[in-house]
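Contents: one structure, followed by commentary.
Number of protein chains: 2
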Amino acid sequence: MKNESIGIVKTKYHSLSDDLILESGEKLKNTQIAYETYGKLNKEKSNAILVCHALSGDAHVAGWYEGDKKPGWWDIIIGPGKCLDTDKYFIICSNVIGGCKGSTGPASINHDTKKPYGLDFPIITMKDMVNAQKKLVNSMGIKQLFAVIGGSMGGMQVLQWCVSYPEMVRSAIPIATTAYSSPQQIAFNEVGRRAIISDSNWNNGAYYESKFPDSGLALARMIAHITYLSNESMYQKFGRRLQDKEDYGFNFETDFEVDFEVESYLHYQGNSFTKRFDANSYLYISKAIDYFDLAGEGSLAETFYGLKIKFLVISVDSDWLYPPSQSKDIVIGLNANDIDVRYCEIKSSYGHDAFLIEAGQLNYLIAGFLADTLVKDVMSREFAKIKEKSSIENAAETMLHEKVTHLPVISNEKRLVGIVTAWDISKSVARNYTELDEIMTKDVIVVSPEDPIELAARKMKKYSISSLPVVDENEEVIGIVTTDHISTLMTGN
Amino acid sequence: MKNESIGIVKTKYHSLSDDLILESGEKLKNTQIAYETYGKLNKEKSNAILVCHALSGDAHVAGWYEGDKKPGWWDIIIGPGKCLDTDKYFIICSNVIGGCKGSTGPASINHDTKKPYGLDFPIITMKDMVNAQKKLVNSMGIKQLFAVIGGSMGGMQVLQWCVSYPEMVRSAIPIATTAYSSPQQIAFNEVGRRAIISDSNWNNGAYYESKFPDSGLALARMIAHITYLSNESMYQKFGRRLQDKEDYGFNFETDFEVDFEVESYLHYQGNSFTKRFDANSYLYISKAIDYFDLAGEGSLAETFYGLKIKFLVISVDSDWLYPPSQSKDIVIGLNANDIDVRYCEIKSSYGHDAFLIEAGQLNYLIAGFLADTLVKDVMSREFAKIKEKSSIENAAETMLHEKVTHLPVISNEKRLVGIVTAWDISKSVARNYTELDEIMTKDVIVVSPEDPIELAARKMKKYSISSLPVVDENEEVIGIVTTDHISTLMTGN
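Residue numbers (my numbering), protein chains in the order written: chain W, 1 to 493; chain Z, 1 to 493.
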């Protein structure tokens, strides 16, 4: 079951029950969110990983649609045995609002006018995208995400999650991204927007019942595509090879006649993009990227103050669009607050796109980071327990009521004095014991909250027990970890 | 007289007498070349420096047009006391063919149709541009250029000169350039062209009597402008500052409304470009850049084989459009042939544009390189001389005929045996000498061809003489160097 695909998947839809209040002050009504999930949410709902997509991405991050020739856009890291292991984790990915892949965006019907929004769609920001995602996550009853991960604009959402909802994020993996858009990034976005707006078919965004601004959108994509590749990778891929020619054309054709392979490739990329993306969405999403700035008037160190999240920050050495220096700025801001952060630079000639390509390095880095899980990260902090000197009947009733087979026995000082199991209860019936003290196990196997989860797993296996009390340095019981917790995390390995 | 401007200048025009045969095989008729010259061409015509301009440049490289607010585009390095010192050198700069600043290009009138060429203009290449320049240079009677210098596309012309007319180039200074366009460079050019072609006003290039494709040309310039700046310099210049706003606009305006200063700046650059440049010229010149490839099917080392030219190759550390690696490729190709080459990397945060800005480093590097002049570089190889045992009358006649005041006296073995001057002749008349041997100076002051020109200057000054024979290791006279040579080279210092 190593490195397999999750197979056929389907997109689901969630409608927000309330209006979404946007950062601009406007309200988005009847918001729909397209999303996909893979793997199984565990009983404690502690194994959910949210994947955030980039500018032109969508909810279809992994697996296959029936009949498709290509899997989801990040299939290389999602599936059984991959770093986002669907045997351990419950993966969620949703299309951003403002997008055009199933979530409400400028191409959606405005219920007030019964026509597509076009430019009547309100401006949305990274914070708004994350707020919509949070409502989706909450609708699943998930209180904390095991991880939030994303590259490029997806990484911006990861960072925004950490700032907007720090208590809901256990660990964060921003990749090939930045905490603020630089003037060069804004400049490239603006020329892309200008290409769209200059297309006479754009018609102030009201083109849905007429010709689409395909030429402008294709040009915007061509410009952007150059920034996703490195100089070196373009050389490796195209060199100066001519396209279906022995020699230079020495003439200007009006349509899409080109001399070089690289030109032909860009045209292909531009044209195929128009078949899968909405020009207005491009305007709105690129604007959200421009507006993104977690430092604002202050500094990243101030913004990240007080976060208790574990970070893995990844950059790509040949990425000149979101260069390593911007990832390092994130790390510096985290370090200033003594936040647990690991930084890695992927070695690749692919440029920005490496985050979608370099399967080996990504799987290695992310799996290592996620596996670095402590008992406290997955234990249940609320658990059934029973007081010392309670009756056996009382213990039996509690087990029945709480639907558990193991009950820690706690002193008045909250210390662990023993554990009583359903098997102990049945033993008491057979042997006529009446005191809890007579049947409970006093030499209890425990783990510390700081132990690696692997140690808990090994202890449970060795002693054939399905539940371990988690005891802190004061010998107080602060939680319980079960084979259920472990199995959802470990079975892939 | 240090670091001054050359003052008011005017553009001149040269019409080629013959058709220009282009690399494509087509002919360009009635070719006109706009050019400017500054400084004075010396008698030997050995002090001419040709400056080649970049994509959007023109012949107006230095000095001021009457009433203008800004000088020519490279005034920082041209003028009295600057590295291209107009007190020493004769500076020539011409607009490339295919351009729109006075030389024949797609906006020129096609004499066959009496209308602007538009797309009927033939495709031109770097080689064609250089061929046109050569005809201009030849028309001035210049046999060898003291130096050819240029940045960006100007640097490509410099390299093309070295390959096309090696015997006409004494030294070459290609700056922030490449010997071949890379796929990334082609890609950026292609998106620029696509922006123009996509403008509905472009009308297949036949827009001269109607609306111009300003929107497309402005967009092409905006895209290109991003590539001329470094990420760092954009940050220094704009940061994330908003344009005339306290907060994000949170709306899409249709025209040129923008949020950030960097957007406003790009729009300004794009719009003002449309007032000074022709869209079709942009297509043609950018295509010439794409086609440029001195390596071709072989290698740069093969291309540069046999060159006797001195090179100063300059790159800019923050230039990501024409990165130092491409300059180093030039150097490697030259080194493979043991060609005299000096390589320098300008330290600057300005990116590609640094070659137009970093006055201090450019002046220092170029002045040092040009001053490194040997006697053999400037001496006249053809000079009047007289055989040993000639008569005094014979010497007098030769002086009169050759218009010289100094005549080296040469043995049959071509060795220098003395020198006779006009003053010696007049002395012979006064004292009734009849033999050359009696009046000539036998203890002749000479220089070696490998001596620095400064040494020749010092000797002439010390002995108050205006001409020195140049004698090689076999004591043969191989040339003559005069104060005229020196003065045009040295007086600026």
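For each residue, glycine too, the CB sits at the ideal point set by N, CA and C. Keep in mind the model is a prediction, meaning the values are calculated, not measured.
Review point. Would a check of beta-carbon distances place residue 337/Z closer than 8 angstroms to chain W?
Key: The residue given as residue 337/Z occupies position 337 in the second sequence. Cβ-Cβ to chain W under 8 angstroms: no for residue 337/Z.
Review point. Could one say the Cβ of residue 301/Z lies closer than 8 angstroms to chain W's Cβ atoms, at least one of them?
Key: Taking the first residue of the second sequence as 1, we reach residue 301/Z at position 301. For residue 301/Z, the answer is no, since every Cβ of chain W falls outside 8 angstroms of its Cβ.
Review point. Got a sec? Which residues, its chain only, sit under 8 angstroms from residue 12/Z by beta carbon, not counting five neighbours each side?
Key: Translated into positions along the second sequence, residue 12/Z becomes position 12. Closer than 8 angstroms at the Cβ level, and outside the excluded window around residue 12/Z, lie 34, 35, 36, 37.
Point to revise | Neighbourhood of residue 291/Z by C-beta distance below 7 angstroms, restricted to the same chain and skipping five residues each side | key: Mapped onto the second sequence, residue 291/Z falls at position 291. So the list reads 125, once near-sequence residues are dropped.
Practice item. Name, please, each residue of chain Z whose Cβ falls closer than 8 angstroms to the Cβ of residue 239/W. Key: Working through the first sequence from its first residue, we reach residue 239/W at position 239. The answer, in chain order, is 183.
Check your understanding: In terms of alpha-carbon separation, which member of 379/Z, 460/Z, 459/Z, 467/Z lies closest to residue 422/Z?
Key -> Counting from one through the second sequence, the residue named residue 422/Z turns up at place 422. Out of 379/Z, 460/Z, 459/Z, 467/Z, 467/Z has the C-alpha closest to the C-alpha of residue 422/Z.
Practice item. Specify, as a first and last residue, the run of the beta strand (DSSP E) that residue 274/Z falls within. Key: Locating residue 274/Z in the second sequence gives position 274, where the first residue counts as 1. From DSSP, residue 274/Z is part of no beta strand (DSSP E) but of the alpha helix (DSSP H) over 261 to 274.
Point to revise | Neighbourhood of residue 252/Z by C-beta, 6 angstroms cutoff - its chain only, sequence neighbours within 5 removed | key: Position 252 of the second sequence, counting from 1, holds the residue named residue 252/Z. The answer is none, since no qualifying residue turns up.
Point to revise | Residues from the stretch 217 to 236 of chain Z in contact with chain W, defined by Cβ distance under 7 angstroms | key: 219, 222, 223, 226, 231, 234, 235
**Study point:** For residue 51/Z and residue 477/Z, the rounded distance between their alpha carbons
**Key:** On the second sequence, residue 477/Z is found 477 positions in, with the first residue counted as 1. On the second sequence, residue 51/Z is found 51 positions in, with the first residue counted as 1. Roughly 34 angstroms between the two C-alpha positions.
Exercise for review: For residue 256/W, name the three-state secondary structure that DSSP assigns.
Suggested key: Looking up residue 256/W in the first sequence gives position 256. Low per-residue confidence applies at residue 256/W: pLDDT is 46, beneath 50, and the placement is therefore not dependable enough to give any value.
Exercise for review: Over the uninterrupted alpha helix (DSSP H) stretch that includes residue 183/Z, give me the two end residues.
Suggested key: Stepping through the second sequence from its first residue, residue 183/Z is reached at position 183. That run of the alpha helix (DSSP H) goes 183 to 198.
Practice item. Could you pull the start and end residues of the alpha helix (DSSP H) that residue 291/Z belongs to? Key: Numbered from 1 along the second sequence, position 291 holds the residue referred to as residue 291/Z. That run of the alpha helix (DSSP H) goes 279 to 291.
Practice item. For residue 110/Z, go through chain W and note every residue whose CB falls closer than 9 angstroms to its CB, in chain order. Key: To locate residue 110/Z, count along the second sequence from 1; it is residue 110. Here the premise fails: no neighbours, minimum Cβ distance about 15 angstroms.
Check your understanding: Which residues, taken in chain order from the stretch 379 to 393 of chain Z, show a beta carbon closer than 7 angstroms to some beta carbon of chain W?
Key -> none
Point to revise | For residue 311/W and residue 334/W, believed in contact at Cβ under 8 angstroms, the rounded distance | key: Taking the first sequence and counting its residues from 1, the one referred to as residue 334/W is at position 334. Taking the first sequence and counting its residues from 1, the one referred to as residue 311/W is at position 311. With 8 angstroms as the limit, residue 334/W and residue 311/W qualify as a contact, their Cβ atoms being about 6 angstroms apart.
Practice item. Would you please verify whether the beta carbon of residue 283/Z is less than 8 angstroms from any beta carbon of chain W? Key: On the second sequence, position 283 is the one that residue 283/Z refers to. Closer than 8 angstroms to some Cβ of chain W, the Cβ of residue 283/Z qualifies, so yes.
Point to revise | Three-state secondary structure assigned by DSSP to residue 180/Z | key: Taking the second sequence and counting its residues from 1, one reaches residue 180/Z at position 180. Note: residue 180/Z maps to strand in three-state DSSP.
Point to revise | Residue nearest to residue 383/Z in terms of C-alpha spacing, selected from 399/Z, 390/Z, 373/Z | key: Here the question's residue 383/Z lines up with position 383 in the second sequence. Nearest of 399/Z, 390/Z, 373/Z to residue 383/Z, Cα basis: 399/Z.
Review point. Which of the residues in the stretch 118 to 131 of chain W, read from start to end, lie with their CB under 7 angstroms from any CB of chain Z?
Key: 119, 123
Check your understanding: From what residue to what residue does the beta strand (DSSP E) around residue 174/Z run?
Key -> Indexing the second sequence from 1 puts residue 174/Z at position 174. It spans 171 to 175 - the beta strand (DSSP E) in which residue 174/Z sits, taken as one unbroken run.
Exercise for review: Quickly, what does DSSP pair residue 355/W with across the bridge? List them, please.
Suggested key: Working through the first sequence from its first residue, we reach residue 355/W at position 355. Paired residues: none, contrary to the question.
Check your understanding: With C-beta atoms as the reference, is residue 165/W less than 8 angstroms away from residue 293/W?
Key -> On the first sequence, position 165 is the one that residue 165/W refers to. On the first sequence, position 293 is the one that residue 293/W refers to. Contact flag unset, no.
Practice item. Could you spell out the range, first to last residue, of the alpha helix (DSSP H) harbouring residue 401/W? Key: Against the first sequence, residue 401/W aligns to sequence position 401. Residue 401/W -> alpha helix (DSSP H) spans 392 to 402.
Practice item. Please list, in chain order, all residues of the same chain as residue 459/Z whose beta carbon is under 6 angstroms from its beta carbon, the five residues on each side excluded. Key: For the purposes of this step, residue 459/Z is taken as the residue at position 459 of the second sequence. Only 445 meet the Cβ criterion.
Review point. Is there at least one Cβ from chain W nearer than 8 angstroms to residue 172/Z's Cβ?
Key: Stepping through the second sequence from its first residue, residue 172/Z is reached at position 172. It does not; no Cβ of chain W falls within 8 angstroms.
Check your understanding: So is residue 262/W in contact with chain Z if we call contact Cβ pairs under 8 angstroms?
Key -> Numbered from 1 along the first sequence, position 262 holds the residue referred to as residue 262/W. Yes, contact with chain Z.
**Study point:** is_contact[residue 277/Z, chain W] using C-beta, thresh 8 angstroms
**Key:** Counted from its first residue, the second sequence places residue 277/Z at position 277. Residue 277/Z does not count as touching chain W.
Check your understanding: Can residue 266/W and residue 190/Z be called in contact, C-beta distance under 8 angstroms?
Key -> By one-based count along the first sequence, residue 266/W stands at place 266. By one-based count along the second sequence, residue 190/Z stands at place 190. Cβ atoms of residue 266/W and residue 190/Z: closer than 8 angstroms.
Check your understanding: Taking Cβ-Cβ distances shorter than 7 angstroms, what residues in chain W pair up with residue 250/Z?
Key -> Here residue 250/Z is taken as the residue at index 250 of the second sequence, counted from 1. In chain order: 24, 123.
**Study point:** Span of the alpha helix (DSSP H), counted from its first residue to its last, around residue 455/W
**Key:** For this step, residue 455/W is matched to residue 455 along the first sequence. It spans 453 to 463 - the alpha helix (DSSP H) in which residue 455/W sits, taken as one unbroken run.
Review point. So what does residue 479/W bridge to, in DSSP terms?
Key: For this step, residue 479/W is matched to residue 479 along the first sequence. DSSP lists 470/W as partners of residue 479/W.
Check your understanding: Quick one: is residue 188/W near chain Z, going by C-beta distance under 8 angstroms?
Key -> Locating residue 188/W in the first sequence gives position 188, counting from the first residue. Judged by the 8 angstroms Cβ criterion, residue 188/W is in contact with chain Z.
Review point. Which chain C residues sit within Cβ distance under 7 angstroms of residue 291/W?
Key: This model lacks chain C altogether, as its protein chains are W and Z.
Practice item. Go ahead and label residue 82/Z buried or exposed: buried means 16 or more other beta carbons lie within 10 angstroms of its beta carbon, across all protein chains shown. Key: Locating residue 82/Z in the second sequence gives position 82, where the first residue counts as 1. It counts as buried.
**Study point:** 8 angstroms contact criterion, which residue 337/W and residue 304/W should meet: CB distance rounded
**Key:** Position 337 of the first sequence holds residue 337/W. Position 304 of the first sequence holds residue 304/W. With 8 angstroms as the limit, residue 337/W and residue 304/W qualify as a contact, their Cβ atoms being about 5 angstroms apart.
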